[in-house]
Amino acid sequence: MSEKQNDVKNLGRRHFLRNSAVTGVAGAGLASGFGTGALMTSRQAQAAEKSAIEVAPGDLDEYYGFWSGGQSGEVRVLGVPSMRELMRIPVFNVDSATGWGITNESREVLGDSAHFLNGDSHHPHISMKDGSYDGKYLFINDKANTRVARIRLDIMKTDKVITVPNVQAIHGLRLQKVPYTKYVFANAELPIPQINDGRDLESPEKYATMFNGIDAESMEVAWQVIVDGNLDNTDADYTGRFVASTCYNSEMGMTLPETMRAERDWVVVFDVEAIEAAVKAGDYETLGDSDVPVLNGRHGTRFTRYIPVPKNPHGLNTSPDGKYFMAAGKLSPTVSIIAIDKLSELFDDAIEPRDAVVGEPELGLGPLHTTFDGRGNAYTTLFIDSQIAKWNIADAIRAYNGEDVNYLRQKLDVHYQPGHNHASLTESKDADGKWLVVLSKFSKDRFLPVGPLHPENDQLIDISGEQMKLVHDGPTYAEPHDCILLRADQLTPSRIWSRDDPFFASTRKMAEDDGINLEADNKVIRDGNKVRVYMTSVAPQFGMTEFKVKQGDEVTVVLTNMDKVEDLTHGFCMVNHGVQMEISPQQTSSVTFMANKPGVHWYYCNWFCHAMHMEMTGRMLVEKA
Ligand code: K7E
Ligand code: CUA
Ligand code: CA
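If you read the sequence shown in full-length UniProt numbering, its first letter stands for residue 1, the second for the next number, and so on.
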C-alpha cells in the first residue's frame, strides 16, 4: 500500500465521525485525540465536498438511482447526489400505502405467485439499446420465490412478474446490452433434482441448476441451460454474444465447508448465439410439465466454456469499454480479468480456458463487486477489509505479465463491510466516472441507535478526481444489495396516468362488459352474489357517498380518479375490511373483498387530496342476509 493510500485510510473514518458530530447526528465526544491542524484541513475539505453533493430545496438531482430492497422485496428510487429517497416501488412485497398485493390490478401482475407475501430482490437493471440505458424498463430478481419482475419506468409500477420453472432461487440477473435488451439473463443459484418431484432427494450428484434467458418484452422464459456447479452473479458483453456467470460451488457441496474445498471454482461463459441456434433448430428437451426449451450446457458442450478462477467467486462485472469480464474472488484477495476478445478462440478450442484470464490483481480481503469510471479504473469492494480498492485495469494486466507496476491507486475506508458498489452509468458504455455508491452492510456507530436491528449504510463517494472522496452516509432499511444510476435526462416518467393505460386494461374490459363508462358512471352492478361498485372520485368527493349490498356478497369497488391535476392522488379504504389502495390522477384501481358483517361500514379517502380530505367518505350499508 502506498503512503497516500495509508493517509486516506487513517483520515477516513474519524474524519466523517467528526462531520456527523458537527451536524448533531452521531453524538458528542468523537473528535478527541487528533490534532487541530488535521481538523481544520478536514473541515475545509468537508465544506468543499458538501457543496458538491448539496442539492438545495427545490433543486433537482442529476441522477436517478434505483435501489433493490433486499428482503423487503421492493425497489426504491433515490435522487443522487442528494441521496434523497424519492419513491418506493413495491414489487414482491405487499404495500399498505398503494395497495400493491391487495388491488386486483396488482394481483393480476403478481399472477400465480400473488399468494406469496415476501420477496428478496437483489439486482435492479435498466433495459438498454446499443449499450446505453433506454429508460424503458427495470428488471429485478426475487431469490426468495424464484421470480423475475419488470417495472415500467414511465409509471414506476411493476407490470410483469414471472416464476421461473425447473429451478430454485434466481440470484444474478443482467440484461443483454447489445443490440438491445432482447433477453433478461437470470441465474438460478441453488441446485435441485431434475425433475424435483420427490425423486433423488438424497442424491446431490443428480442435482443441477440452470442459466435462464427470459424474453424481455413477453416476459416468457425463452430457454434454460443446465450447468455444472451452481450460479451466482452474471453480466453480458457488448457484442450480444457472450454472458458470463460466477460459480462458487463447483464442488456441488450441500454444506458450507463442502463449498469451500476447491481452490478454484469457475466463471462459466455462455454463447447466446449458439443457444439461440439450438433452440431455433428444435435441438432441446423439456422437463416435467414445463414447455421451456432446456439445453445441456455442462462441460464439453458448445453452449459453454468453464474458466477456472479462485475461490468462491462472487461479483461478475463487464467493463464499460466492453473488453473485460471481472470476477471478484471473495475467498481469494484477487479479481480475475477475463478478456472478452479471447472468448471466440476459447469456444473454437484454439486456447485453454485459463488463457482467457489476462490479469489477476491482488486487492485485499473479500473482494465482492467491481465497478468502473470509464477512465480505465476499476473499484472493487473489499468486504472483510471494509474498503474500496481503486485500481487501474491496464496496469493490473501489465503486472500480470511480469512488469513492475503498481496497479493500486487508492484504498478508501467505508463503513462497514460493503457488498455491491456502483458508479454512475457504469453498466453502459456511457460510464461517466462521477459518483460511486457503496452499499455497506453494517452501520454500527454511524447513526443514532434504533434498536438491535440496524440500518444499512449506503455511502456516496465522489470519484470525479484522482482521489476517491467519501461525501455522504445514507442509512437504508433492509437490505439493498445493489443499485443502478442513470442521468435524470435518460428517463421520462409520466405526470398523470393515461386513461387507456394497459395497467388497468382488464378492469376497463370488466366495466365495458358491465355496460359502464368508467369516466362518468357511478353505479352498482349485481351479478348473483358478486357486486361491482363503480365510482368516480373528484376531490374531495367520491361519486357515491353510499351503496348497499347484502351480507355474504363479494364486493368489488372500482374507482376512477377523474382529477387531472398532477399530484392529486386519492385513496380508498374500507374500514375493518383490510383493503386500501392508491388511485392517482386519471387512474382506475379496483379491490375485491367479502361483505360478511351486516351493518354500516364507512369508507374514506386515505391519500391527502384536499382541505376537505377528511370529509371524503361514504358508507357501505350491508343488509342482513
Ligand atoms: Cu453481492 Cu445478491 Cu449481488 Cu448481495 S449479491 S452483496
Ligand atoms: Cu381524496 Cu383524500
Ligand atoms: Ca467453491
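Using N, Cα and C, we set each Cβ at its ideal position, and we do this for glycine too.
Which residue wins for smallest C-alpha separation from residue 630, given the options L86, R241 and P257?
This structure leaves residue 630 out entirely; the chain is present only between 1 and 625.
If you count every other CB in all the chains shown that lies within 10 Å of the CB of K530, and 16 or more means buried, which is it?
exposed
In whole angstroms, what separates the C-alpha of I583 from that of S336?
50 Å
Which of helix, strand or coil does DSSP assign to H610?
coil
CB of H422 to nearest heavy atom of ligand 1: below 7 Å?
no
Between the C-alpha atoms of V269 and G297, what's the straight-line distance to the nearest angstrom?
10 Å
C-alpha distance - N317 paired with H577, whole-angstrom precision:
48 Å
Please confirm whether any heavy atom of ligand 2 lies closer than 7 Å to the CB of G571.
yes
Just to confirm the assignment, what range does the alpha helix (DSSP H) spanning E220 have?
Looking at the DSSP string, E220 is not in any alpha helix (DSSP H), and its letter there is neither H nor E.
Could you check the C-alpha separation between T234 and H420 for me, to the nearest Å?
13 Å
Is M535 near ligand 2, going by C-beta to nearest heavy atom under 7 Å?
no
Do the CB positions of T334 and P361 come within less than 8 Å of each other?
yes
In chain order, what residues of the same chain have a beta carbon less than 6 Å from the beta carbon of K434, not counting five sequence neighbours either side?
S424 and S464
Locate the alpha helix (DSSP H) running through S506, then write down its first and last residues.
A505 to D513
I195 classed as buried or exposed, judged by whether at least 16 other C-beta atoms fall within 10 angstroms:
exposed
Who does S336 pair with in a DSSP beta bridge?
A327
Opposite V533 in the DSSP bridges: which residues?
V524 and V557
Terminal residues of the beta strand (DSSP E) in which D462 lies
E456 to D462
Fully enclosed by the segment 283-321, which alpha helix (DSSP H) runs are 4 residues long or longer?
none
Can you tell me which residues form a DSSP beta bridge with F547?
M620
Cutting at 8 Å between CB atoms, please list the residues of its own chain near L175, excluding the five before and the five after it.
H125, I126, S127, M128, F139, T181, Y183, V184, F185, A216 and A236
I'd like to confirm something about L231: is its beta-carbon nearer than 7 Å to some heavy atom of ligand 1, or not?
no
Residues bridged to Q194 by DSSP?
Its beta-bridge partners do not exist; DSSP assigns none.
Consider the Cβ of D501: report whether some Cβ of chain D lies at a distance smaller than 8 Å.
Although the question refers to chain D, the structure presented lacks it and comprises just one protein chain.
Provide the residue span of the beta strand (DSSP E) that contains D142, from first to last.
S132 to D142
Residues that DSSP places opposite residue 645 in a beta bridge:
No answer is possible for residue 645: it lies beyond the span of the chain, which begins at 1 and ends at 625.
What first and last residue would you give for the alpha helix (DSSP H) that runs through A274?
V272 to K280
Taking the straight line between their C-alpha atoms, what separation do you get for G101 and D112?
12 Å
Excluding the 5 residues preceding and the 5 following P320 in the sequence, name in chain order all residues of the same chain whose CB lies nearer than 7 Å to its CB.
F372, G374, T426, S428, K429 and A431
How would you call A26, buried or exposed, if buried means at least 16 neighbouring beta carbons within 10 angstroms?
The predicted model places A26 with a pLDDT of 31, which falls under 50 and marks its position as unreliable, so this point remains unresolved.
I need the straight-line Cα distance from S589 to N104, nearest angstrom please.
8 Å
In angstroms, rounded to a whole number, what distance separates the CA positions of S86 and A595?
In the sequence on display, residue 86 carries Leu and not Ser. Going by the C-alpha atoms only, they are around 37 Å apart.
Residue from G402, G119 and R305 with nearest C-alpha to A274:
R305
Beta-carbon separation of V538 and D563 under 8 Å?
yes
Using the rule of at least 16 other Cβ atoms within 10 Å of the residue's Cβ for burial, across every protein chain shown, is V555 buried or exposed?
buried
R14 versus M468 - alpha carbon distance:
Because R14 sits at a pLDDT of 36, beneath the cut-off of 50, its placement in the model cannot be relied upon, and the point is left open.
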